[in-house]
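Asker: With the sequence shown counted from 1, adding 11 to any position gets you our numbering.
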Amino acid sequence: MAEERKDRERENVVIFPFMAQGHIIPFLALALHIERRKGYSITFLNTPLNIAKLRSSLPLGSSSIRLLEIPFSSSDHGLPPNSENTDVLPYCHVIRLIEASTTLRPSFEKILRDLIGQNHGRKPLCVVADIFFGWTATVAKELGIFHAVFSGCSGFGLACYYSLWLNLPHRKVDSDEFSLPDFEEASTIHVSQLPLNIFEADGEDPWSKFQKGNLSAWVDSNGVLFNTIRDFDHLGLLYFRRKLNRPVWPIGPVLLPSESRASVGKQNGQTSELCREWLNSKPLNSVLFVSFGSMNTISASQMMQLAMALEKSGKTFIWVVRPPIGFDINSEFRAQEWLPEGFEESVSSRGLLVHNWAPQVEILSHEAVSAFLTHCGWNSVLEALSNGVPLLGWPMAAEQFYNSVLLEKGIGVCVEVARGKKCEVRYEDLAGKIELVMSDSAKGKEMRRKACEVKEMIKSAMKDENGLKGSSSKALDDFFSAAMVARQNTLEGCNSNN
Ligand code: UDP
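Given below as C-alpha cells:
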C-alpha cells in the first residue's frame, strides 16, 4: 500500500522508443538516468516482444520503471511474424516497420487516457518519444500533456538529417556538392555523405512520405532533448531552436551502464575477461580499437584492405570482426577466405580478433586504448569521448556522416578514413591515417590533447554534486521545470474554465 502511494506521489514520465536496439538502448539509458533523480516513476512503452525481452533480463526489482506493452502484431502489417525490432528484419523491411508503427496511435492515446484514469485524473508529467514518433507529439498536445522528442543523435548530425529530408537538396542541383538551404552554417555536403535512403529519395518514395509527416509533426512537441553536450554541439542545437521555435535540452552523455547491457540483446560472454586480460598486458595508449557498431559490417574487399592496413601499421589492435556484407552474421567466420593469407598468425602477438560483439565500453575505458576506428554511431562516439579517446571515422549510414564532420572539423578529435560500405579503401591510406592519429606527429598529439579536453568538458557537463550543476544536469532540470510549469498552466486553465 505504502509503495503504491509512493508511486502515485512520483511524477510519471512516459518513455517511448522506436522498436530498434539503437533506439531502445539510449531510451533505456535515459530511463535509468531519470530514475536516479528520485521523485519520478517511468512508464516504458514498447511492443510486446521488446517488452518481454527487457523484462526477462532487466534488474527492475525495486525500480520505479514500469514496462508496459502497447499491442502490436507484425503479421497484421505484411511483415514476417514476430518481427517487432529492426534487429530481426532485412534493411528493405525497416521502412515497413516504421510505417506500421504509426498505427500504434489509437493504442497510445488509450494508454495515456488509462494512465490519467489510474492516477485519479492526474496527467503524466510528460511524454518523451522517439525521433520517428512525431505523431505522439500531436496526441500529447490534444491531451494537454507536455511532450519532448528525445534524440540519441548529435544535434549537428540530426540537424543535417532533418534538413536533408525536408529539402532533398541533392535533387535540386546538378553538382555532387550542395549546401543545406536552412542550415548554411553546416559545411557543404557531398553525395558520398548521403545515406542510401536519402540518396534515392524523390519526395514520393515511402521514406520521403514518412519523414515529411513525421518531421513536420515535431512542431506539436514542446521541445527536443538531445543526448549531447552543449559546449561542442551548439550549431545543431541552434538549428532546432530556430527551426521549431522550441527549447532544446542537451542532457548528455546519457549512457547505458555495462550491467544493463545484457538486457538489450547481445552478450559479451567470455570476451569481457579475455579483453581485459589482453589489454592489461599492453602498454598505456598503445591499442587501436576497431568496431562498427551494433549491426554494421563492411564489404569483403574493404575487410581485406583493413586487415592489410592493420598488418602494415604495426600497431596493437582489437578488431570486432563480422562476416562481410552478403553473409549471414551468424555464419562461421572464414578467416582463410576473408583475411589475407597468414594474417592471424602474423598479427597473433599484437592483434585480438573478437567475433561479432565485444564489451565496447570496457575496452574504451581501458588505459591501454589509444584510438578508435568507428562508424561514428553517436553512442560509440560518446563512449569514446567520455574516455578521452580520439577517433578514426568511417561513417556508414544515417547521420553518421555528419557526426564525422562535427568530430573532425568542429571538434578536432577525428580523422575521416572512409565513407560508406561500398567505397574503395586502400590499405596504404588507411595505415597512414592510423599512424597519423596514433603516432607522436603534431596532428596526433593535438588530437589526443583535444580528446582529453573533451573528456573534461563532458565530466563537467554531467556534474551534479553539492548544488553544483554542469550544463547537461542543468538542462535536465530545465526540462522538468518546463514540464511542471506547463502542467500547472493546464491545471489553472481547467480550473478557471470550471
Ligand atoms: N556495442 C558493443 N559491442 C560491440 C558493438 C557495439 O557494446 O561489439 C555497443 C556500443 O557500445 C554502443 C552501441 O552498441 O553502445 C552501438 O551504438 P551506436 O550508436 O554507436 O551505433 P549503432 O549500432 O546504433 O549503429
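In this text, a Cβ means the ideal position worked out from N, Cα and C, and glycines have one as well. Given the structure is predicted, the values throughout are model-derived calculations rather than measurements.
Do Val426 and Val448 come within 8 Å of each other at the CB atom, strictly closer than that value?
Answerer: In the sequence shown, the residue the question calls residue 448 occupies position 437. In the sequence shown, the residue the question calls residue 426 occupies position 415. A contact, by the Cβ cut-off of 8 Å.
Asker: Evaluate contact between the region 435-451 and the region 190-208, counting only Cβ atoms and requiring at least three cross-stretch pairs below 8 Å.
Answerer: The region 435-451 vs the region 190-208: no contact.
Asker: Within 10 Å of its beta-carbon, does Phe210 have 16 or more other beta-carbons around it, so buried, or fewer, so exposed?
Answerer: Numbered from its first residue, the sequence shown carries residue 210 at position 199. The residue is exposed, with fewer than 16 neighbouring Cβ atoms inside 10 Å.
Asker: With respect to 7 Å, is the separation between the Cβ of Ser162 and the closest non-hydrogen atom of the ligand UDP below this value?
Answerer: Taking the sequence shown and counting its residues from 1, one reaches residue 162 at position 151. Flag unset: Cβ of Ser162 not near the ligand UDP.
Asker: Taking Gly166 and Gly247 to be in contact with their CB atoms under 8 Å, please state how far apart those CB atoms are, rounded to whole angstroms.
Answerer: Taking the first residue of the sequence shown as position 1, residue 166 is located at position 155. Taking the first residue of the sequence shown as position 1, residue 247 is located at position 236. Right, their Cβ atoms sit about 3 Å apart.
Asker: Near Glu503, which residues of its chain fall below 8 Å by C-beta distance, leaving aside the five closest residues on each side in sequence?
Answerer: In the sequence shown, counting from the first residue as 1, residue 503 sits at position 492. Excluding sequence neighbours, Glu503 sits near nothing in its chain.
Asker: At which residues does the beta strand (DSSP E) containing Glu80 begin and terminate?
Answerer: As a first step, residue 80 must be located in the sequence shown, where it is residue number 69. Ile76 to Glu80 is the extent of the beta strand (DSSP E) around Glu80.
Asker: How do the region 22-37 and the region 126-139 stand: do at least 3 beta-carbon pairs fall below 8 Å, yes or no?
Answerer: Enough Cβ pairs lie closer than 8 Å, so yes.
Asker: With 16 as the cutoff for other CB atoms within 10 Å, does Cys164 come out buried or exposed?
Answerer: Against the sequence shown, residue 164 aligns to sequence position 153. When all chains shown are included, Cys164 counts as buried.
Asker: Can you tell me the Cα-Cα spacing of Asp231 and Arg182, whole angstroms?
Answerer: Position 220 of the sequence shown, counted from the first residue, corresponds to residue 231. Position 171 of the sequence shown, counted from the first residue, corresponds to residue 182. When rounded, the distance between both Cα atoms is 28 Å.
Asker: Put Glu22 into one of helix, strand or coil per three-state DSSP.
Answerer: Translated into the one-based positions of the sequence shown, residue 22 becomes position 11. DSSP places Glu22 in strand when its eight states are reduced to three.
Asker: Measuring CB atoms only, is the region 171-188 touching the region 258-270, in the sense that at least three cross pairs come out at less than 8 Å?
Answerer: At 8 Å Cβ cutoff, the stretches do not touch.
Asker: Would you say the beta carbon of Ser391 is closer than 7 Å to some non-hydrogen atom of the ligand UDP?
Answerer: For the purposes of this step, residue 391 is taken as the residue at position 380 of the sequence shown. Answer for Ser391: yes, Cβ within range of the ligand UDP.
Asker: Could you tell me how far apart the beta carbons of Ser310 and Ile329 are, in whole angstroms, since I believe they sit closer than 8 Å?
Answerer: For the purposes of this step, residue 310 is taken as residue 299 along the sequence shown, with counting starting at 1. For the purposes of this step, residue 329 is taken as residue 318 along the sequence shown, with counting starting at 1. Not quite, the Cβ-Cβ distance comes to about 21 Å (not below 8 Å), so this is no contact.
Asker: Between Gln371 and the ligand UDP, is there a pair consisting of the residue's CB and a ligand heavy atom that are separated by less than 7 Å?
Answerer: As a position in the sequence shown, residue 371 is number 360, starting the count at 1. Yes, Cβ of Gln371 sits closer than 7 Å to a heavy atom of the ligand UDP.
Asker: Would you list the one or two residues that DSSP bridges to Tyr51?
Answerer: Position 40 of the sequence shown, counted from the start, is the residue given in the question as residue 51. Its beta-bridge partners are Glu22.
Asker: How many Å lie between Gln316 and Ile340 at the Cα?
Answerer: Along the sequence shown, one-based indexing puts residue 316 at 305. Along the sequence shown, one-based indexing puts residue 340 at 329. Taking the straight line joining both Cα atoms gives about 20 Å.
Asker: Which residues in the same chain have their Cβ closer than 6 Å to the Cβ of Tyr51, if we skip the five residues on either side of it in sequence?
Answerer: Stepping through the sequence shown from its first residue, residue 51 is reached at position 40. Correct list, in chain order: Arg21, Glu22, Val24 and Ile45.
Asker: When every heavy atom of the ligand UDP is checked, does at least one fall within less than 7 Å of the C-beta of His517?
Answerer: In the structure displayed, the chain extends from 12 to 509; residue 517 sits before or after that span and is not available.
Asker: Run the CB neighbour count on Asp244, radius 10 Å, all protein chains shown included, and call it buried at 16 or more, exposed below.
Answerer: Position 233 of the sequence shown, counting from 1, holds the residue named residue 244. That one is buried.
Asker: Evaluate Tyr250 with the Cβ neighbour count: other Cβ atoms within 10 Å of its Cβ, from every protein chain shown; 16 or more gives buried, anything less gives exposed.
Answerer: Counting from 1 along the sequence shown, the entry for residue 250 is found at position 239. By the 10 Å Cβ count, Tyr250 comes out buried.
Asker: Would you identify the three-state DSSP class for Ile142, choosing helix, strand or coil?
Answerer: For the purposes of this step, residue 142 is identified with residue 131 of the sequence shown, where counting begins at 1. Coil.
Asker: Mind listing, in chain order, the continuous alpha helix (DSSP H) runs of no fewer than 4 residues lying wholly within the region 279-334?
Answerer: 282-291 and 311-324, all fully within the region 279-334.
Asker: By Cβ distance, which residues of its chain are closer than 7 Å to Ser324, with the 5 residues on each side in sequence left out?
Answerer: Within the sequence shown, the letter at position 313 stands for residue 324. Contacts found: Ala442, Ile445 and Glu446.
Asker: If we count Cβ pairs, one from each stretch, closer than 8 Å, do we get three or more for the region 170-178 versus the region 222-237?
Answerer: Yes, they touch.
Asker: Tell me the rounded alpha-carbon separation between Arg459 and Ser415.
Answerer: Mapped onto the sequence shown, residue 459 falls at position 448. Mapped onto the sequence shown, residue 415 falls at position 404. If you take the alpha carbons of Arg459 and Ser415, they lie about 16 Å apart.
Asker: As an exercise, report each continuous beta strand (DSSP E) stretch of at least 3 residues that is fully enclosed by the region 222-256, in chain order.
Answerer: Those beta strand (DSSP E) runs which fall completely within the region 222-256 and span 3+ residues are 235-237.
Asker: Any idea which residues DSSP pairs Leu402 with across the strands?
Answerer: Along the sequence shown, one-based indexing puts residue 402 at 391. Paired residues: Phe383 and Cys425.
Asker: Please look up how many angstroms separate the CB atoms of Ala462 and Trp260, rounded, as I've assumed it's under 8 Å.
Answerer: On the sequence shown, residue 462 is found 451 positions in, with the first residue counted as 1. On the sequence shown, residue 260 is found 249 positions in, with the first residue counted as 1. Actually they do not touch by this definition, with Cβ atoms about 25 Å apart.
Asker: Looking at the structure shown, is Phe344 part of a helix, part of a strand, or coil, going by DSSP?
Answerer: As a first step, residue 344 is located in the sequence shown; it is residue number 333 there, counting from the start. Coil, per DSSP.
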